[in-house]
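Chemist:
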Amino acid sequence: MDVVSPGPFVVGSLVWQTQRGAAVLTVVCKATFELRPDESPLAKEQDSINEEDNHWNDDRSRSLYAPSDLVPFKPRAEVLLVGSAFAPRKEPVHSLVARLFVGDVDKSIEVFGERSATRDGQIRTGAPFTKMALRYEKAAAGASNPVGVRLDAGSTMLGSVQLPNLEPPGTNFPQQGIAPIGFGPIATSWPDRLTKLGYLAGMWPAGRWWEQPLPEELDPEFWNAAPEDQQLEALLDRQLIILENLHPEHPRLVTSLPGIRPQAVIERPGGEKEALELTADTLWIDTDRSLCTVVWRGQVQLKHRSEAGRVVIGLQNAMRAGDEGHVVDEQGDANRTLVLSDVLSRTPTMPFLEALQGRESPFARIDPSLFHKPVGTGTITLSDERGEDSDRGDTEVLATGSDADAEPISVQELEDQSEAASSENWETTGKVDPAHLPPRAVEAQAAPPAPVRPVEVAPPAPVRPVEVAPPAP
Numbered sequence: 017m018d019v020v021s022p023g024p025f026v027v028g029s030l031v032w033q034t035q036r037g038a039a040v041l042t043v044v045c046k047a048t049f050e051l052r053p054d055e056s057p058l059a060k061e062q063d064s065i066n067e068e069d070n071h072w073n074d075d076r077s078r079s080l081y082a083p084s085d086l087v088p089f090k091p092r093a094e095v096l097l098v099g100s101a102f103a104p105r106k107e108p109v110h111s112l113v114a115r116l117f118v119g120d121v122d123k124s125i126e127v128f129g130e131r132s133a134t135r136d137g138q139i140r141t142g143a144p145f146t147k148m149a150l151r152y153e154k155a156a157a158g159a160s161n162p163v164g165v166r167l168d169a170g171s172t173m174l175g176s177v178q179l180p181n182l183e184p185p186g187t188n189f190p191q192q193g194i195a196p197i198g199f200g201p202i203a204t205s206w207p208d209r210l211t212k213l214g215y216l217a218g219m220w221p222a223g224r225w226w227e228q229p230l231p232e233e234l235d236p237e238f239w240n241a242a243p244e245d246q247q248l249e250a251l252l253d254r255q256l257i258i259l260e261n262l263h264p265e266h267p268r269l270v271t272s273l274p275g276i277r278p279q280a281v282i283e284r285p286g287g288e289k290e291a292l293e294l295t296a297d298t299l300w301i302d303t304d305r306s307l308c309t310v311v312w313r314g315q316v317q318l319k320h321r322s323e324a325g326r327v328v329i330g331l332q333n334a335m336r337a338g339d340e341g342h343v344v345d346e347q348g349d350a351n352r353t354l355v356l357s358d359v360l361s362r363t364p365t366m367p368f369l370e371a372l373q374g375r376e377s378p379f380a381r382i383d384p385s386l387f388h389k390p391v392g393t394g395t396i397t398l399s400d401e402r403g404e405d406s407d408r409g410d411t412e413v414l415a416t417g418s419d420a421d422a423e424p425i426s427v428q429e430l431e432d433q434s435e436a437a438s439s440e441n442w443e444t445t446g447k448v449d450p451a452h453l454p455p456r457a458v459e460a461q462a463a464p465p466a467p468v469r470p471v472e473v474a475p476p477a478p479v480r481p482v483e484v485a486p487p488a489p
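459 is the number that my numbering gives to position 443 of the sequence shown; each next residue is one higher, with no gaps.
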């Protein structure tokens, strides 16, 4: 069965066998987005499907740059990040904290420049940096990271030991050890994934596993490449993404996916057609290229491996009504992020499970004609009086909705509208149908407004200059 896409998506497929030997076609659909403030649009150039694990420098002894997209299913959605951390405003620093926030994933890594520890426990720091790679080779070695920096590797000629550039925030070295940490994908040959194979680890045919039925002893979590603290229940079509010190131009990037999703139809011989649900299960971010990719996946049960037919994948507008607003990020009084998020379909990522029963949207019974102007796409952020670049400014994400015909609204346009709304010539026109309003609102709309009388304000008192005596010699 072929998989084709006349739309913007890149597609691939994989035929594999269940534990009972039934043939299954997994359809893989991928889209690439440019990471920009407010909303991340589709990139002009789309990344291709990764048919196998992609290691750094094509060296299998190194860490992974991107995992294979051709896996049968993933029991949980996951977020992966590779690339570099960047110093704010490109000013050299000795350390910084890089933070990844996506849904239930909120993870930080403390990033240091080159440094070493002497025999008496003193730490020597090298030159400051503006960019630091986030590879596992820069983190501490351990059972979960076979390619990291070994603290027991012995001292240099100067009697010092090299320290890793990446560590969990709050690590107190040398009083405590440095644990391995990273944002990137975990290779299939690493212990954290090999343990999911159990006794099959030594005989797993990593090259052509799909040629035989999946063994019953295989833990489905083997197919997830992200660390456990970067796995979540679902990825939304308008997923909010916050990156701190992970973008070369924006120290704190707040963006969201644009709300598009693929629509798949199975076409079998004889004209039979069937819709195929595709579920987003992988968000992969490359900070060096300032882009991200989303992978959707779906499964088709085949009569046999060579069954005729095709799967056609196109673009579907994914905007749906949303939930109530909720605070997703709060750090004391310094930063606050409020999201009016749209809850989209949360289809299970495991194959052949019945779809969850959806709940009725709180906006389902409202007349659509009342919304005379669609909400702008993207995420709207406002800074406080202390300036746009203030690190302690309150930031509110006002909306992440979209409409098929809606034009994006920028922060400048929002500020211009706010100024117009506060001017003395601003008037509100039109009335809402009383049937859609509560009783008090109907009475308020029916009552004529009270006349507004101008308030006379006394002119300000003149300011006289103050003479200051010169200082005594």
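In this text, a Cβ means the ideal position worked out from N, Cα and C, and glycines have one as well.
Please state the DSSP three-state secondary structure of L273.
Modeler: Three-state result, L273: coil.
Chemist: Along the chain, where does the beta strand (DSSP E) that runs through D208 open and close?
Modeler: No beta strand (DSSP E) holds D208; the alpha helix (DSSP H) holding it covers 207-210.
Chemist: Below 8 angstroms, how does it come out for the region 253-262 and the region 106-125: are there three or more Cβ pairs, yes or no?
Modeler: Touching, yes.
Chemist: Along the chain, where does the beta strand (DSSP E) that runs through V310 open and close?
Modeler: Here the beta strand (DSSP E) through V310 covers 307-317.
Chemist: Suppose only complete runs of 3+ residues qualify. What are the beta strand (DSSP E) ranges in the region 92-173, listed by chain order?
Modeler: Counting whole runs of 3 or more residues, the region 92-173 contains the beta strand (DSSP E) stretches 93-98, 100-102, 111-118, 121-128, 131-134, 139-141, 147-149.
Chemist: At what residues does the beta strand (DSSP E) containing E237 begin and finish?
Modeler: Per DSSP, E237 belongs to no beta strand (DSSP E) and is neither H nor E.
Chemist: Taking Q62 and T48 to be in contact with their CB atoms under 8 angstroms, please state how far apart those CB atoms are, rounded to whole angstroms.
Modeler: Their Cβ separation, rounded to whole angstroms, is 5 angstroms, which keeps Q62 and T48 in contact under 8 angstroms.
Chemist: Just the C-alpha distance for V31 and I139, rounded to the nearest angstrom, thanks.
Modeler: Cα to Cα, V31 sits roughly 54 angstroms from I139.
Chemist: Within the continuous beta strand (DSSP E) that includes D54, where are the two ends?
Modeler: Counting along the chain, D54 falls outside any beta strand (DSSP E), and DSSP gives it neither H nor E.
Chemist: For the structure I just gave you, are there three or more beta carbon pairs, one from the region 299-309 and one from the region 257-275, closer than 8 angstroms?
Modeler: With a cut-off of 8 angstroms, the region 257-275 and the region 299-309 count as touching, because enough Cβ pairs lie within range.
Chemist: When the Cα atoms are used, what is the spatial distance from A462 to V95?
Modeler: With a pLDDT of only 44 at A462, under the threshold of 50, the placement of this residue in the model should not be trusted; the figure read from the coordinates follows. Answer to the nearest angstrom: the Cα atoms are 53 angstroms apart.
Chemist: Exposed or buried, G338, counting other C-beta atoms within 10 Å across all chains shown (16 or more means buried)?
Modeler: Its pLDDT being 36, under 50, G338 is placed unreliably by the model, and the measurement read from it follows with that caveat. G338 should be labelled buried.
Chemist: For P91, which of L58, A250, S124, V20 has the nearest alpha-carbon?
Modeler: That would be A250, whose Cα lies nearest to the Cα of P91.
Chemist: Is the separation between the beta-carbon of L179 and that of S132 shorter than 8 angstroms?
Modeler: Taking 8 angstroms as the Cβ cut-off, L179 and S132 qualify as a contacting pair.
Chemist: My understanding is that V26 touches I65, with C-beta atoms under 8 angstroms, so please give their C-beta distance in whole angstroms.
Modeler: That pair is a contact at about 6 angstroms.
Chemist: Can you list, in chain order, the residues of its chain with a C-beta nearer than 8 angstroms to that of E443? Leave out the 5 residues immediately preceding and following it.
Modeler: Reliability fails at E443, whose pLDDT of 34 lies under 50, so the model's placement of it is uncertain and the value that follows must be treated cautiously. Excluding sequence neighbours, E443 sits near nothing in its chain.
Chemist: Which term fits M219, buried or exposed, when burial requires 16 or more other beta carbons within 10 angstroms of its beta carbon?
Modeler: M219 is exposed by the Cβ-count criterion.
Chemist: Between S124 and Q33, what straight-line distance do the alpha-carbon atoms span, to the nearest angstrom?
Modeler: Roughly 39 angstroms separates the two Cα atoms.
Chemist: Considering Cα atoms alone, identify which of A203, V328, V44, I282 is closest to P83.
Modeler: When each option's Cα is compared against that of P83, the closest is A203.
Chemist: To the nearest angstrom, how far is it from the Cα of V327 to the Cα of P22?
Modeler: One C-alpha to the other measures close to 11 angstroms.
Chemist: Hey, would you say L86 sits closer than 8 angstroms to E67, going by beta carbons?
Modeler: Contact: yes.
Chemist: Determine contact between the region 146-162 and the region 194-209, defined as no fewer than three beta-carbon pairs at a distance below 8 angstroms.
Modeler: The region 146-162 is in contact with the region 194-209.
Chemist: So for D63, helix, strand or coil by DSSP?
Modeler: D63 falls in the coil class under three-state DSSP.
Chemist: Applying the 10 Å Cβ sphere with the 16-neighbour rule, what's the burial state of E290?
Modeler: Looking at its Cβ environment, which holds fewer than 16 other Cβ atoms inside 10 Å, E290 is exposed.
Chemist: Please classify Q191: does DSSP put it in a helix, a strand, or coil?
Modeler: If DSSP states are grouped into helix, strand and coil, Q191 belongs with coil.
Chemist: In whole angstroms, what is the alpha-carbon distance linking R277 and L294?
Modeler: Their backbone Cα atoms lie some 9 angstroms apart in a straight line.
Chemist: Going by Cα to Cα distance, which pick from S100, K106, P190 is closest to R151?
Modeler: Among S100, K106, P190, the Cα nearest to that of R151 belongs to S100.
Chemist: Near F2, which residues of its chain fall below 7 angstroms by C-beta distance, leaving aside the five closest residues on each side in sequence?
Modeler: Since the first and last residues shown for the chain are 17 and 489, residue 2 lies out of range.
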